[in-house]
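Per UniProt numbering, the very first residue in the sequence shown carries number 1; after that it's consecutive.
Think of the CB as a built atom: it goes at the ideal place given N, C-alpha and C, for glycine as much as any other residue.
Report on the following structure.
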Amino acid sequence: MTMTMGTNAQRSRYNRDAVLSATPVRLLTMLYDRLLLDLNRAEAAQQRQDWQMASDNLIHAQAIVSELSTSLNVDAWDGGEGLFSLYTYVSTAMVSANTHRDPARTHECISLLEPLRLTWHEAAELLPAAPAPAARLSGELGIG
Numbered sequence: 001m002t003m004t005m006g007t008n009a010q011r012s013r014y015n016r017d018a019v020l021s022a023t024p025v026r027l028l029t030m031l032y033d034r035l036l037l038d039l040n041r042a043e044a045a046q047q048r049q050d051w052q053m054a055s056d057n058l059i060h061a062q063a064i065v066s067e068l069s070t071s072l073n074v075d076a077w078d079g080g081e082g083l084f085s086l087y088t089y090v091s092t093a094m095v096s097a098n099t100h101r102d103p104a105r106t107h108e109c110i111s112l113l114e115p116l117r118l119t120w121h122e123a124a125e126l127l128p129a130a131p132a133p134a135a136r137l138s139g140e141l142g143i144g
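Following this line, the structure appears as structure tokens:
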């Protein structure tokens, strides 16, 4: 048990260090990776009728979408309002997927967000950016 606790502490420290040293673009890709991980876990849990696990993952995914939504500057580019609308739609769909125990709604969210995740990863490879300010990172969204 001590070995597991030590391994978990090392993993946590590694994740925290990765977040603190990440560029803003890399932070965005990390959020999207975790968002899709949560949604895929939720869908799998719904299919096996593990409603608590599904709910936990959907609620965490909602927190990530909320963070993405609130940090989005819709005036910074022409697609900003459309992306904000997508975040709003997906957030509502996740609530519905959770309350109605509907794996099809969860899958819809995955289908809408996975292409964005891939696009952000492609953009991250093309756009190097400065490291993110450490003061804004809290680790509450499962990337730290």
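CB contact flag (residue i, residue j, <7 Å)
| i | j | result |
| --- | --- | --- |
| A93 | V25 | no |
| L72 | F84 | yes |
| T119 | E43 | no |
| C109 | L28 | no |
Whole-number beta carbon distance between residue j and residue i, since they are thought to touch under 8 Å
| i | j | result |
| --- | --- | --- |
| V95 | V65 | 11 Å between Cβ atoms; not a contact. |
| L36 | R117 | 5 Å |
| N98 | L58 | 4 Å |
| P115 | Q46 | Not confirmed; about 22 Å, so no contact. |
Proximal residues to residue i (C-beta, below 7 Å), its chain only, five neighbours per side dropped
| i | result |
| --- | --- |
| L112 | L86, V90 |
| S55 | N98 |
Beta-carbon contacts of residue i that lie in its chain and below 6 Å, excluding the five residues immediately before and after
| i | result |
| --- | --- |
| T70 | none |
8 Å CB neighbourhood of residue i in its chain, flanking five on each side removed
| i | result |
| --- | --- |
| A61 | L35, D38, L39, A42, M94, C109 |
Beta strand (DSSP E) runs contained entirely in the region 28 to 83, provided each spans 3 or more residues: The region 28 to 83 contains no whole beta strand (DSSP E) run of 3 or more residues.
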